[in-house]
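J.: For the sequence shown, our numbering assigns the number 137 to the initial residue and increments by one for each residue that follows.
Glycine included, each C-beta is placed from N, C-alpha and C at the ideal position.
Sharing a structure, written as structure tokens. Questions coming.
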Amino acid sequence: MRRLLWTLSGAVIMAGPALAAAAAEGEHKPSVFAGTPAQSVAAVIVFLVLFGLLYKLAWGPILKGLQDREQKIRKDLEDAESAAKKAAATLAQLETRLAAAQAEARQLIDRSRGEAEKLAGQIKADAEREGLQLRQRAQKEIESATEQAVAQLHAEAAALATQVAGKILHRTINENDQRALVSEALAELSRGQGKN
Numbered sequence: 137m138r139r140l141l142w143t144l145s146g147a148v149i150m151a152g153p154a155l156a157a158a159a160a161e162g163e164h165k166p167s168v169f170a171g172t173p174a175q176s177v178a179a180v181i182v183f184l185v186l187f188g189l190l191y192k193l194a195w196g197p198i199l200k201g202l203q204d205r206e207q208k209i210r211k212d213l214e215d216a217e218s219a220a221k222k223a224a225a226t227l228a229q230l231e232t233r234l235a236a237a238q239a240e241a242r243q244l245i246d247r248s249r250g251e252a253e254k255l256a257g258q259i260k261a262d263a264e265r266e267g268l269q270l271r272q273r274a275q276k277e278i279e280s281a282t283e284q285a286v287a288q289l290h291a292e293a294a295a296l297a298t299q300v301a302g303k304i305l306h307r308t309i310n311e312n313d314q315r316a317l318v319s320e321a322l323a324e325l326s327r328g329q330g331k332n
């Protein structure tokens with residue numbers, strides 16, 4: 137930077153008298169560089185002082201402001217990039233949770249369907265078992281009623297046969313005779329049913 141300033145100041149110093157002489161020779165227009173070498177040196181000094189003041193007082197704060205702005209923009213870009221990464225991670229996490237929730241819902245539906253089918257099968261099996269038990273109980277009751285009816289019929293037939301036999305024989309049958317006759321009648325009746 138200093139080299140540039142020295143080069144510029146040297147060019148102005150050397151060009152100043154040449155330009156002043158050219159202006160004096162031909163034209164009478166006032167020129168910026170018209171004047172004495174002392175004025176040229178003074179102009180260069182004023183220019184350098186002004187340049188130095190501007191460099192110290194204006195260029196520094198402008199440069200600092202530009203650097204601060206650049207850092208702020210970089211920080212904002214980094215923050216935006218970080219936020220985009222966080223958003224992408226959050227989105228991926230939410231998609232994972234959604235997929236897990238959907239899988240869990242499917243499992244719950246499948247499990248519920250399986251339990252419903254199992255319960256339906258169990259209810260059907262219970263109904264079939266109860267129906268079978270009812271049929272068996274009814275069969276036993278029918279058999280028991282049939283046996284009771286047959287036994288009652290045997291007893292009545294025996295009593296009737298005893299009465300008929302008593303009338304035929306015209307004698308009174310005692311209790312032992314009656315039992316013997318009942319036993320014989322039951323035996324014959326049982327043999328008769330066995331043939332049917």
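1) Tell me the rounded alpha-carbon separation between arginine 315 and glutamate 264.
2) In three-state terms, what does DSSP make of glycine 171?
3) Is the stretch 244-262 close to the stretch 287-294, with three or more CB pairs under 8 angstroms?
4) In whole angstroms, what is the alpha-carbon distance linking glutamate 311 and glutamine 272?
5) From the DSSP output, in three-state form, read off asparagine 312 for me.
6) Return the CA-CA distance between glycine 196 and leucine 190, expressed in angstroms with no decimal places.
T.: Quick look at the numbers:
1) Near 48 angstroms, if we compare the C-alpha coordinates of glutamate 264 and arginine 315.
2) Coil at glycine 171, not helix or strand.
3) No, because fewer than three Cβ pairs between the stretch 244-262 and the stretch 287-294 fall closer than 8 angstroms, the two stretches do not touch.
4) For the pair glutamate 311 and glutamine 272, the Cα-to-Cα distance works out to about 40 angstroms.
5) Here asparagine 312 sits in helix by DSSP.
6) For glycine 196 and leucine 190, the distance between alpha carbons rounds to 8 angstroms.
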